[in-house]
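Written out below as structure tokens is the structure these notes cover.
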Amino acid sequence: MTNLLTRLLVLFALACVPLSGFSTNYYVAKSGNDSNDGSESQPFLTISKASSVLQAGDSCFVKAGIYRERLAPANDGTAFQPIVYMAYKGEEVIVSATEEITSWSLYQDDIYQTSINMSLGPQNMLYYEGKTMDIAQWPNNTDNSRFIINTAPVTGGGAGEITANNIPDFNWTGGYVWYLGAHSGASWTRQITASSTQNIQYPSVDISKWPFSVHNPTVFRNGNRGQFMLFGKLEALDYQREWYYDSAAGTLYFKAPSGADPNGGKATYAVRERTIDINRDYITVDGIGAFGGRVVIKGDGCILRNGIFSHCLNTLDALDNVNAQLSTGAVAVQGNDVLVQNNIIEYGSTNGIWVQGWGNLSGIRLEGNVVRYFNTIGNHSNGIRCNAAGSVIERNTIYQCGRDGIYMSAPNGEIAYNDIFECMLINNDGGIFYTVGNDNDKNTSIHHNWFHDSYGPEYADGRAAGIYLDNDSKGYDVHHNLVWNITWSAVQMNWDAWNNDIFNNSFWNVGQAMGAWLNGRQLINNRIWNNYAPIGDWEGNDFQNNLIDSNDPFGDRSMRDFRPAVGSPLIDAGMLISGITDGYNGAAPDIGAYEYGDTIWTAGAERFQSDFPTPIEELLQADGLKIGPNPCREQLNLLLELDYPQEIGLGLYALDGKLVLKQTTKVPASGEHKFSLQVADLPAGIYVLRTSLNGQSLSRRVVLRK
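Set out below in structure tokens:
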């Protein structure tokens, strides 16, 4: 294969090719036996047994159940005879990296213990009722959210120490310190070598080099020197959902939610680092999900689709990390011509989908996936992090990320029709889309995306950009994107930004239309044409047919109709750009992302839209929170489905980040509970409802009408 088109044609052929008439179908079921012949009437018990016999063109149909093993093909398929693993008739199939804990005994103070072997080091993890529990920490995770960080302020320190007040008075040596600098762009973790009530020591970091140069206790920004948390000591186990593992004694300690006896629930722990491990070519995995361990695709011509992948990478940061990122993800792609399609990929410490950037990978297509709840450790991890040339990232829905939604710095890529929101929940100075450059034009197109509702954390300065072309980004084609409800630049360009085309984009409720930080460099040949924003400025070199007007020019933003309204100044006010505004209506192209009279183009994964047919802001089935009516006038009603007793804090925020209404209620029982917020005294407009529910940090857009 010599080019991207050939690779995409092969992927299409793989997706459509029927099973060969010479193939053999094998079956796996929880009622089976590996001594069987693998037929439908005599299925195998394990996927591993099926893998040992599957040849090119064969298929393995897996019946419902949890399979506590690895799916690891033993043989290659071919381009037109792939080996296929498929859920039988759409049944729910999960490959799990965990094993069950069958018995606990009381240790003390609602803390229970059991003897097991946890051997994954930083990736050791305990799950209870399918949810991630917290390694014993200080301060405690009282809001049960992995995105609302619970930390203590740093008062000082240096390369190898942090000073602070009121550190718990026990020996933290051997535990861990997590530090987020005042700049808040990245975090790092180190093992503790000594401690006192006012001092934590660790192996020194090099504060003369990035990322430590701007993320260390000597740097004072935003009114602070950073924040930290400590974890990984038995003495810190004093709160529900916390656990600690004593590796020397082989003993796990756990305080279950609400201090309950964990023998009454289901606890599992990670024992395998991987769930699906594809090191062979032309393998398709269809409708099979995974829990608790990574999915790794190293073979060429492989397809992963229609699965649900949960908690596949929960880990500490690398304890020797010197570049603020981890080269891995819940789904890790390390082969050529790989299609990752129509999956739900959720809950993880670092990247959701990670695509290897070295070895000249190409032919990667990430399409129609829902990627959510990633980067809870606040480093340079993303919903999708892709570094393979020629990659296509299209029609994905990405939300709830500690930092950027998509990172893509490789050349010749396409990022199109994605819906990305609620990013930058932990970090600052990033973007919903983010990239960095070098001396070369990237020739990457970013078009027809929705980038919205990302505000940056309250402890930093709100630098959450829509499209962030960071240091030396060159040769980007940015057109027909919609950016709204963010606190910083809709488009930010830094250092030597050259040869970027910013055409026909619409911005609304942004901190500024564009920004540029040159740091002694320069902007060269950046064309800014046919864009709309309610507030300036434009940054670049060639400005034509742009409009800044604070009056709402759109049809109906509450219904996501960002087409020009009747009589809008956007209509016929643009210029013809070959390949960008062809096929316009009227006398001339319109300014902005939509053409008056055209059908509204939409963004995001079809799976997301079908799973959640109500407006995106409500996400009713997703996480136990229902709101209505929306829009509302006097009273906003909420129905919450609680997995366990908890304190519910509800906050209603104006789009400038100001808290306008707050309500806190302690709910003593699980199940459904109804609440109401009285909003009659608030002015009409768009607000953001935020809460923490069942371990998730949730946000909803609320429209008030009078």
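When you line the sequence shown up against our numbering, it's residues 4 to 709, in that order. Just so you know, even glycine gets a beta-carbon here, dropped at the ideal spot from N, CA and C.
Residue i versus residue j - alpha carbon distance
i, j, result
"residue 694", "residue 247", "28 Å"
"residue 359", "residue 326", "16 Å"
"residue 477", "residue 502", "6 Å"
"residue 480", "residue 532", "12 Å"
"residue 486", "residue 419", "14 Å"
"residue 617", "residue 628", "Note that residue 617 has pLDDT 35, beneath the 50 cutoff, so the model's placement of it is unreliable and the number below is only indicative. Cα to Cα, residue 617 sits roughly 12 Å from residue 628."
"residue 652", "residue 249", "34 Å"
"residue 123", "residue 319", "11 Å"
"residue 324", "residue 125", "13 Å"
"residue 204", "residue 153", "20 Å"
"residue 287", "residue 293", "15 Å"
"residue 119", "residue 692", "42 Å"
"residue 309", "residue 159", "49 Å"
"residue 77", "residue 194", "39 Å"
"residue 145", "residue 680", "23 Å"
"residue 239", "residue 190", "22 Å"
Per-residue burial, residue i [other beta carbons within 10 Å of its own, 16 or more giving buried]
i, result
"residue 529", "buried"
"residue 93", "exposed"
"residue 542", "buried"
"residue 707", "buried"
"residue 181", "buried"
"residue 177", "exposed"
"residue 619", "The predicted model places residue 619 with a pLDDT of 35, which falls under 50 and marks its position as unreliable, so this point remains unresolved."
"residue 361", "exposed"
"residue 456", "buried"
"residue 686", "exposed"
"residue 613", "Any answer about residue 613 is weak, because its pLDDT of 47 lies below 50 and its placement is not dependable; what the coordinates show is given next. Exposed, since its Cβ has fewer than 16 Cβ neighbours within 10 Å."
"residue 545", "exposed"
"residue 407", "buried"
"residue 141", "buried"
"residue 16", "Note that residue 16 scores 47 on pLDDT, short of 50, meaning its location in the model is unreliable; the coordinates nonetheless yield the value given after this. By the neighbour-count rule (16 or more Cβ atoms within 10 Å), residue 16 is not buried but exposed."
"residue 588", "exposed"
Reduced DSSP category for residue i - H, G, I as helix; E, B as strand; rest coil
i, result
"residue 609", "helix"
"residue 51", "helix"
"residue 443", "coil"
"residue 238", "helix"
"residue 682", "coil"
"residue 265", "helix"
"residue 617", "Residue placement at residue 617 is poorly supported in this model, since its pLDDT is 35, which falls under 50; the coordinates still yield a value, given next. Correct three-state label for residue 617: coil."
"residue 556", "coil"
"residue 350", "strand"
"residue 625", "Any reading at residue 625 must be qualified, since the residue scores a pLDDT of 41, below 50, and its modelled position is unreliable; no value is offered."
"residue 670", "strand"
"residue 301", "coil"
"residue 359", "coil"
"residue 411", "strand"
"residue 661", "coil"
"residue 68", "strand"
"residue 693", "strand"
"residue 477", "strand"
"residue 121", "coil"
"residue 599", "coil"
"residue 260", "helix"
"residue 222", "coil"
"residue 16", "Confidence at residue 16 is low in this model, with a pLDDT of 47, below 50, so the placement of that residue is unreliable and no value is reported for it."
"residue 128", "coil"
"residue 704", "strand"
"residue 517", "strand"
"residue 562", "helix"
Test: residue i CB closer than 8 Å to a CB of chain B
i, result
"residue 553", "In the structure shown, chain B cannot be found, because there is only a single protein chain."
One or two residues paired with residue i in a DSSP bridge
i, result
"residue 541", "Note: residue 541 sits in no beta bridge, so no partner."
"residue 29", "63"
"residue 388", "357, 410"
"residue 455", "424, 487"
"residue 567", "557"
"residue 227", "224"
Distance cut-off 7 Å: residue i Cβ against heavy atoms of the ligand MG
i, result
"residue 701", "Absence of the ligand MG from the depicted structure is noted, as is the absence of any ligand whatsoever, leaving it without description."
Pairs of beta-carbons, one from the stretch 222-239 and one from the stretch 341-353, closer than 8 Å: are there three or more?
The answer is no - the stretch 341-353 does not touch the stretch 222-239, with fewer than three Cβ pairs under 8 Å.
Whether or not the stretch 109-125 and the stretch 300-317 are in contact is what I'm after, with contact meaning three or more pairs of Cβ atoms, one per stretch, closer than 8 Å; do they touch?
Proximity of the stretch 300-317 to the stretch 109-125 falls short of the contact definition, fewer than three beta-carbon pairs being nearer than 8 Å.
Would you check if there are 3 or more beta carbon pairs closer than 8 Å linking the stretch 575-588 to the stretch 376-395?
By the Cβ criterion, the stretch 575-588 is not in contact with the stretch 376-395, since fewer than three pairs of Cβ atoms, one from each stretch, lie closer than 8 Å.
Below 8 Å, how does it come out for the stretch 659-676 and the stretch 588-607: are there three or more Cβ pairs, yes or no?
Here the stretch 659-676 does not lie against the stretch 588-607, with fewer than 3 beta-carbon pairs under 8 Å apart.
Decide if the stretch 31-42 is in contact with the stretch 50-58; the criterion is three or more beta carbon pairs, one per stretch, under 8 Å apart.
Contact holds: three or more Cβ-Cβ distances are below 8 Å.
Any contact between the stretch 266-284 and the stretch 72-81? By contact I mean 3 or more CB pairs, one from each, below 8 Å.
The stretch 266-284 is in contact with the stretch 72-81.
Is there contact here, the stretch 506-514 with the stretch 487-494, by at least three beta-carbon pairs under 8 Å?
Touching, yes.
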